[in-house]
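Chains as they are written, first to last, in this note's numbering: chain A, 476 to 750; chain B, 1083 to 1249; chain C, 53 to 623.
To start, the structure itself, in structure tokens.
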Amino acid sequence: MNAPCQLTHQDFKSDVKPIWCPGCGDFAVLSSVTKALADLGKPREEIAFISGIGCSSRIPAYTQVYGFHGVHGRALAIAAGVKLARPDLTVLAAGGDGDGLSIGGNHFLHACRRNVDMTYIIMDNEVYGMTKGQASPTTQPDWTKSKLTPEGTGISAVEPVRLALAAGANFIARGFSGNPNEVARLIYEGIQHPGFSFIQVLSPCVTYRPEEREWKNLVHPAEGNPSQVMAEAMHRLAGDDGFSTGVLFAGNRAPFKPPSRNVATVTDLERKFAS
Amino acid sequence: MSEVATFLAHAVALEAEAAERYDELADAMEVHHNQEVADLFRKLAKFSRLHLAEVKDSAKGIDLPHLKPWEYQWSEAEGPEAAPVERTHYMMTPYHCIHLALHNEKRGHQYYADIAYKSPDADVRKLAQKFAEEEAEHVVILEKWAINIKAPEPDWDLDLDPPVVSD
Amino acid sequence: MVGKSVSVALTGSGGAGAMTSGQILLDAASKAGYFGLMTRSMGPQIRGGEAAALLRISATPVSSLDDHYDLLVAYDWGNVNRFAAELPLAKTSLVLSDPEHGAVPDAIALFGARSAELAMKTLAAEVPGGRVNMIGLGAAAVLIGLPLEAVLSVLQDQLGRKGEEVLASATACLKAGAEAATKLPEVARLPPSKADGSVRWNISGNEAAGHGALKAGIKFVAAYPITPGTEVLEYLAPTLEKTGGVLVQAEDELASINMIIGGSFSGVPSLTATSGPGLALMTESIGLAICSETPITIVDVMRGGPSTGIPTKSEQSDLNIACYGMHGDAPHIVVAPNTIVDCMFSTQWAVYLAEALQTAAIVLSDQAMGQARNVVAKPADAPYVAKRRVAAPNAEGYKRYALTPDGISPMAIPGNPGTNYVADGLEHNERGTPSSQASDHHSQLDKRARKLEMFDYGDHWADIEGDGEIAVVTFGASTGPVQEALERIRAKGGKAKMISLRLLMPAQTKNMAAALNGVKKLLVVEQTHSEQFNKYLRAHFDLPPAVKVLSRPGPLPIRPNQIESIIADWK
């Protein structure tokens, strides 16, 4: 049996009530995060949870850990700063598909390749909820319900897990908010996997994308064990339908850790200037 | 489900998850100013916690294993009495709420009934049978409750205002 | 002809080595006990571009270029028109050029200086592996009266490790140039050095800013390269590593600013350095640091703007964006160093202020200081180190944004039990929970302003020298020429006061009123096109009725005689 954990997932929830719409998948992600953290067994103060802007980015305030609700698109940059400055902390970042893949797209690419030891959750609902339902990078090109793109975007959607793999993420998983216990497992494993772990959680928006309630009939477990070889994972994800859940890739690249030695004082350095 | 301790751990989690979900939904309804349904969810949470206390009572003296959330063996993704969030709506009526609770209790009953039928362990079968009967009582209570609640108008989810923009 | 100082310009293109010879000349002057200043002007080419090393060597400390150069050594005339305006010459100056490259071009000839020829290329060709810049360097050293031994000693230091052949070749060229110079017309000569054995520093403004950051206790830096700020980061990369800190190269300035916000949130003093375009990208997140009360320091090494502007040349035109760039009411710190070596103190002080006040501090340096080297007396140590007010473990009823009397709220650092909170760029209540209520917005705005207003900044808010009814107010790299102009005026028996503002934000209204007390005429000196500093002064302070403005854009530096003549002519 596992060692008993001192804190329950309820201890990781704050008393702030979420502003999310009832029915929103993000409630489940909140529950998954708190469950994963409870089983991780680390004290609350040793965890930092960073987000950007958007419905899902409100999540740190609903937890009982150190959090940062930053500006739109920059969660991963703040999170990297926290982890690089304080490697002793467990760092999580979360946000929406627009926050992470559109305005924050460049940071996503570089977070994957930089491979700092942290875990990033994209709560993907294929829509911008906080600005009234515009198309996001993961929205299909023929979705016509936004006033901003009434004919559809005409732009092919990003597949986040494929992007993450190509950019070099070291752990890639997909979950569905309708299965919060599996999502909790993915987060738990992602945190423990060294390097940058990326978890896409399909999280329906019941307000702007009510048709996403049907996702529960489309998701299915990914077949076989997670690939550890990139070429194999590439091949597998190339044929992926976007609804397979589970760990999709678990690489073994060493996490990024910039060099730091304590071998000189600031006064020592001043010899360089003296003549 | 072959051990009493494991079975009871599931029974505890089932009620705990149900209570927690009802509280979450009550909070969400309060945030959306649907106080009537919020109160109902709160009441359902209270009932679930009472049941939880009863289950814990049955487990007194037994060392329950700690299972990680994903180690529970449910027939569906979550514990059978955790209300599926996708079946909620900020303008949902007491009718929807009670029928959602009924749906959960029926699933709870089914879950225990299955174990009572299938478990290789006689003690587990016995306990599961007892719990299944209790869930059946809950179903009956809720069904009676539901009879008195009128079905909503077809346009129950009509909101005269558009959604707002936030951040 | 012995003056107080001697100014020398060494120019060349296509790999002639003008910058190297300038660097050696400055180091040699330092070795011989002189003070010195070297700025540079470069073309945009990565290799082989036209370059000018612009030096001033003096027996007393110098922080400004002179009105003109006494000696211009042109290794060639490649693209000289592009920076001829930056090479003012007097009638008494000497232009030394190689007949190989033809007559003195009109852009230089129009100054009316004397000229002489030295067949540098031919002389260099006579030495195996010979280089024209060493010929020119030898000649320049002899012409200005710098002991050749000092130059040889620097050559030994710098070329010794490249092997004997290289050193022998350079030495032979140097001597050939020195020999040839004895037949050339005389130019202004250095006064005897006042070497007293005291320690001198040879430092660039960008190194100084980086070092000031280390002295303040910066331990985390996120970096994105940009001219002319990169050297601050390049100085910090190895030095941070050696002193137990961390530097990370970010993917862009949006990342670097947010990385340091993250680093600081985690409790580690954090800094980045950039230039105008980078600062523009960072402004949204600087607002985040201000609103979330996360201390950060940004060194902005200004260059000509707007847009990509003139990356390699100086201007003071980021003043507006540094002071007013943030959306919303965003009180923060802006500190402007006013000499090369003050880049160290000002950065150190800015970090201290950012940490003490839990806000963003911008250090407004510029290319003229950042990429220039100064030989100075070893600067005194300043006592300013990063120190935050932090929350105690398990502080009861902890509120991150508590409305304290001085506006500074104890900050909980991750790892501290019982005080977890969520930092937020959304307006929030005292606990940090997002709030759009008027009362929360007003009280938080008040507190963020109050903490900056109530703080005691001491005497460092400005450097004030002299007195009189005429005052010159300036900031940053314009301070050097102002200081020199006023010294000349005082030497002639005149009186004038200099006010060089170091703390631009928050504007020190009371201090400035006291400094302007009794001043009847005020000259504003700045290097912008639109009089940004004049407008800043008028927005924040009551100025005397008579105000004149010397405001000109980069890349031409302001010269002491321009200031001197405005004051002399002001009846």
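Yeah, the Cβ is synthetic: ideal placement off N, Cα and C, and Gly gets one too.
For G130 of chain C, the closest alpha carbon among the candidates C:G69, C:Q560, C:H120 and C:S488 is that of C:G69. Rounded to the nearest angstrom, the gap between the Cα atoms of W618 of chain A and V722 of chain A is 29 angstroms. Here H480 of chain C is buried: its Cβ has 16 or more other Cβ atoms, across all protein chains shown, within 10 Å. Assigned with DSSP and collapsed to three states, V156 of chain C falls in coil, not helix or strand.
Of all residues in the stretch 1186-1209 of chain B, none has a C-beta nearer than 8 angstroms to a C-beta of chain A.
Residues of the stretch 1159-1182 of chain B that bring their beta carbon within less than 8 angstroms of a beta carbon in chain A comprise A1159, E1160, P1166, V1167, E1168, R1169, T1170, H1171, Y1172 and M1174, in sequence order. Residues of the same chain with a CB within less than 6 angstroms of the CB of F651 of chain A, apart from the 5 flanking positions on each side, are L677, V694 and T720 in chain order.
One thing to note: Y537 of chain A has its Cβ within 7 angstroms of the Cβ of P493 of chain A. By the Cβ test, the stretch 732-744 of chain A is in contact with the stretch 284-299 of chain C, since at least three Cβ pairs between them sit closer than 8 angstroms. Spatial neighbours of Y509 of chain C in its own chain (CB-CB distance under 6 angstroms, excluding positions within 5 residues in sequence) are listed in chain order as L555. Straight-line spacing of the CA atoms in V546 of chain A and M463 of chain C works out to 20 angstroms. Burial check for M506 of chain C: the Cβ neighbour count within 10 Å stays below 16, so the residue is exposed.
At a cut-off of 3 residues, the continuous stretches assigned as beta strand (DSSP E) that sit fully inside the stretch 529-569 of chain C are 549-553 and 555-557. DSSP, read as helix, strand or coil, puts D394 of chain C in helix. Non-local beta-carbon contacts of K143 of chain C in its own chain, meaning distances under 6 angstroms to residues more than five positions away in sequence, involve G164 in chain order. Between S1248 of chain B and chain A, the shortest Cβ-Cβ separation is below 7 angstroms.
With a minimum length of 3 residues, the unbroken runs of beta strand (DSSP E) contained wholly in the stretch 311-389 of chain C fall at 322-326, 348-354 and 385-387. Contact annotation for I494 of chain A against chain B: V1113 [CB-CB distance below 7 angstroms, chain order]. When rounded, the separation of the alpha-carbon atoms in G100 of chain C and T63 of chain C is 12 angstroms. At a cut-off of 7 angstroms between beta-carbon atoms, A641 of chain A makes no contact with chain C. When DSSP states are grouped into helix, strand and coil, L200 of chain C belongs to the helix group. Across the structure, A222 of chain C and V132 of chain C are spaced so that their CA atoms are roughly 26 angstroms apart. Interface annotation for the stretch 236-269 of chain C against chain A: V251, R252, W253, N254, I255, E259, H263, L266 and K267, criterion Cβ-Cβ distance under 8 angstroms. The beta carbon of E1099 of chain B sits closer than 8 angstroms to the beta carbons of E1160, G1161, E1163 and A1164 from its chain, once the five residues preceding and following it are set aside; these are given in chain order.
The residue from C:V239, C:E286 and C:R355 with its alpha-carbon nearest to that of A260 of chain C is C:E286.
One thing to note: V474 of chain C has its Cβ within 7 angstroms of the Cβ of H544 of chain A. For Q1117 of chain B, the uninterrupted alpha helix (DSSP H) run begins and ends at Q1117 to S1140, by DSSP. In the three-state reduction of the DSSP assignment, F646 of chain A falls in the strand class, which pools E and B.
Taking I597 of chain A as reference, the option from A:A555, A:D716 and A:V658 with the minimal CA-CA separation is A:V658. By the neighbour-count definition (other C-beta atoms within 10 Å, threshold 16), A1204 of chain B is an exposed residue. Here K600 of chain C carries a strand assignment [DSSP, helix/strand/coil]. Taking a C-beta distance under 7 angstroms as the contact criterion, A341 of chain C and I313 of chain C qualify as a contact pair.
Your pair L1134 of chain B and A1183 of chain B does not check out as a contact, with CB atoms roughly 15 angstroms apart and the cut at 8 angstroms. Taking CB atoms only, W1238 of chain B has no neighbour in chain A less than 7 angstroms away.
Contact of D476 of chain C with chain A by beta-carbon distance below 7 angstroms involves H544. For E601 of chain A, the secondary structure class from DSSP, reduced to helix, strand or coil, is coil.
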